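The structure appears below as structure tokens.
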Amino acid sequence: MSQHTDSIEEEIHEVHVHRDDFGSKMGLWLFLLTEILLFGGLFILYAGYRYLYPEGFAAAATELDLVMGAVNTVILLTSSLTVVLGIVALQKNDKKRCLFFLWITVIFGLLFLVNKYFEWGAKFHHGIYPKGPALQEMSEGEVMYFGLYYVMTGLHGLHIVIGLAFIGIVMHMIKKDKITGTNFQKLENAGLYWHIVDIIWIFLFPLLYLIH
Amino acid sequence: MENNKHTELEQNDGHDGHEDDGFIAVAHHPSYGVNILVWIGLLSLTAITVAVAGINLGSLALTVALVIALVKSMFVVNFFMHLKFDNKIIKIFLGICMVIFVVVLILTFFYLTFRFDEK
Numbered sequence: 000m001s002q003h004t005d006s007i008e009e010e011i012h013e014v015h016v017h018r019d020d021f022g023s024k025m026g027l028w029l030f031l032l033t034e035i036l037l038f039g040g041l042f043i044l045y046a047g048y049r050y051l052y053p054e055g056f057a058a059a060a061t062e063l064d065l066v067m068g069a070v071n072t073v074i075l076l077t078s079s080l081t082v083v084l085g086i087v088a089l090q091k092n093d094k095k096r097c098l099f100f101l102w103i104t105v106i107f108g109l110l111f112l113v114n115k116y117f118e119w120g121a122k123f124h125h126g127i128y129p130k131g132p133a134l135q136e137m138s139e140g141e142v143m144y145f146g147l148y149y150v151m152t153g154l155h156g157l158h159i160v161i162g163l164a165f166i167g168i169v170m171h172m173i174k175k176d177k178i179t180g181t182n183f184q185k186l187e188n189a190g191l192y193w194h195i196v197d198i199i200w201i202f203l204f205p206l207l208y209l210i211h
Numbered sequence: 000m001e002n003n004k005h006t007e008l009e010q011n012d013g014h015d016g017h018e019d020d021g022f023i024a025v026a027h028h029p030s031y032g033v034n035i036l037v038w039i040g041l042l043s044l045t046a047i048t049v050a051v052a053g054i055n056l057g058s059l060a061l062t063v064a065l066v067i068a069l070v071k072s073m074f075v076v077n078f079f080m081h082l083k084f085d086n087k088i089i090k091i092f093l094g095i096c097m098v099i100f101v102v103v104l105i106l107t108f109f110y111l112t113f114r115f116d117e118k
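Below, the structure is given as structure tokens:
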């Protein structure tokens, strides 16, 4: 087709590379399905307790800062875009631009965590933490809500940290030319992981912040 | 649809005697534009979610919020995660996973409604 495709074919024929991109992608997808079911279990737990304590959940959700949640949603959606743009840049053999986009992703991921730190910090300050003075005054439903809030956003935050590490390793490999425009599956896998973390937040945001 | 194909798989048929080789992904027509459009769509849907939350929709509010979240995740899965252009088997895997989730969710609610509403 183009010169680009020809050079790829040459590479395949001249240097024998022992790799299976599709197997690699499928393996990561299977892992992502276990992640979906892991968070799915928590979502079902949330649904059950929200069904049992509708008033408690609505009352507790008013403690959350809607603006902070919305800002974090925008941050994550944008970081997802920059990962995809990074993949496109690498496929166009623009290594510099690819690393630039991935740097933006990392910065946005860190910003998300900083926001989370302030959010959790504000709640701790108000005495909402396990055995905290404010939490002990609350109704059963509110206690369940905050239990789920901490577990779900905490586990999600942990996934952000892991995703950032994944992207960091991939960036290092791009710098060392171990990931290139013709061998980009590892970058795509890091992207897939980052997107699933984004999708989980897409559901966490309305379920935790927007209860009336 | 050829223009929308992001990657294609080429059989690495092992010219030097390796028979067990897999598929190599080759990018075709990578483009920034589509992804930026999807991102704008996602931001708009987020704005709608927040705006709708301000209106008192009663019992509909949760449904509306979940439908919007579902639409958003479909965008991310199909475009950002390239599932739209991917091999069918991955779509089947994801479908089975979602069926399992929904079945467990429904069974949980059978338990909750029958057990707790008897009181």
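Protein chains in written order, with numbering that gives the first Met the number 0: chain A, 0 to 211; chain B, 0 to 118. All C-beta atoms in this analysis are idealised placements derived from N, C-alpha and C, irrespective of residue type, glycine included. Every value quoted in this text rests on a predicted model; they were computed, and no experiment measured them.
Asked: Quick one: using the 10 Å Cβ neighbour count with 16 as the cut-off for buried, is Gln135 of chain A buried or exposed?; Found: exposed
Asked: What does Leu8 of chain B pair with, by DSSP beta-bridge criteria?; Found: B:Ala24
Asked: With DSSP collapsed to three states, give me the class of Thr179 of chain A.; Found: strand
Asked: Starting from Glu54 of chain A, trace the alpha helix (DSSP H) both ways and give me its first and last residue.; Found: Pro53 to Ala60
Asked: Using CA atoms only, rank isn't needed, just tell me which of A:Leu37, A:Leu32 and A:Ser79 is closest to Ile39 of chain B.; Found: A:Ser79
Asked: Please report how far the alpha carbon of Trp200 of chain A lies from the alpha carbon of His155 of chain A, in whole angstroms.; Found: 8 Å
Asked: Where does Lys91 of chain A fall in DSSP's three states?; Found: coil
Asked: Given a cut-off of 7 Å, decide if Ala189 of chain A and Ile166 of chain A are closer than it, judged by their beta-carbon atoms.; Found: yes
Asked: Please report the straight-line C-alpha distance between Phe79 of chain B and Ile210 of chain A, rounded to a whole angstrom.; Found: 29 Å
Asked: Could you tell me whether any Cβ in chain B is nearer than 7 Å to the Cβ of Ile178 of chain A?; Found: no
Asked: Step through the CB atoms of chain B and report whether any lies within less than 7 Å of the CB of His158 of chain A.; Found: no
Asked: With a threshold of 7 Å on Cβ separation, who are the neighbours of Phe56 of chain A within its own chain once the five nearest residues in sequence on each side are excluded?; Found: Arg49, Gly140, Tyr144 and Ile210
Asked: Using beta carbons (cut-off 7 Å, strictly below), is Val87 of chain A in contact with chain B?; Found: yes
Asked: Compare the C-beta of Gly146 of chain A against all C-beta atoms of chain B and say whether one is closer than 7 Å.; Found: no
Asked: Around the Cβ of Glu54 of chain A, are there at least 16 other Cβ atoms within 10 angstroms (buried) or fewer (exposed)?; Found: exposed
Asked: Identify the contact partners of Trp102 of chain A in chain B, using a Cβ-Cβ distance below 9 Å as the criterion.; Found: Chain B residues near Trp102 of chain A: none, gap ~17 Å exceeds 9 Å.
Asked: In angstroms, rounded to a whole number, what distance separates the CA positions of Ile105 of chain B and Ile106 of chain A?; Found: 40 Å
Asked: As a quick exercise: from B:Val66, B:Lys71, B:Val49 and B:Leu82, pick the residue whose alpha carbon is nearest that of Leu36 of chain B.; Found: B:Lys71
Asked: Anyone know if the C-beta pair for Asp176 of chain A and Leu75 of chain A falls short of 7 Å?; Found: no
Asked: Counting only Cβ pairs nearer than 8 Å, list the residues of chain B close to Trp28 of chain A.; Found: Ile89, Phe92 and Leu93
Asked: Check whether the Cβ of Thr62 of chain B lies closer than 7 Å to any Cβ atom in chain A.; Found: no
Asked: DSSP on His125 of chain A, reduced to helix/strand/coil?; Found: coil
Asked: Please report the distance separating the alpha-carbon of Gly153 of chain A from that of Gly146 of chain A.; Found: 10 Å
Asked: Going by the CB atoms, is the gap between Gln90 of chain A and Ala26 of chain B shorter than 7 Å?; Found: yes
Asked: What's the C-alpha gap between Gly68 of chain A and Lys115 of chain A?; Found: 9 Å
Asked: Where does the unbroken alpha helix (DSSP H) through Phe165 of chain A begin, and where does it stop?; Found: Glu139 to Lys174
Asked: List the residues of chain B that Val83 of chain A touches, going by C-beta distances under 7 Å, in chain order.; Found: Asn34 and Phe79
Asked: At the 7 Å Cβ level, is Pro53 of chain A part of the contact set with chain B, yes or no?; Found: no
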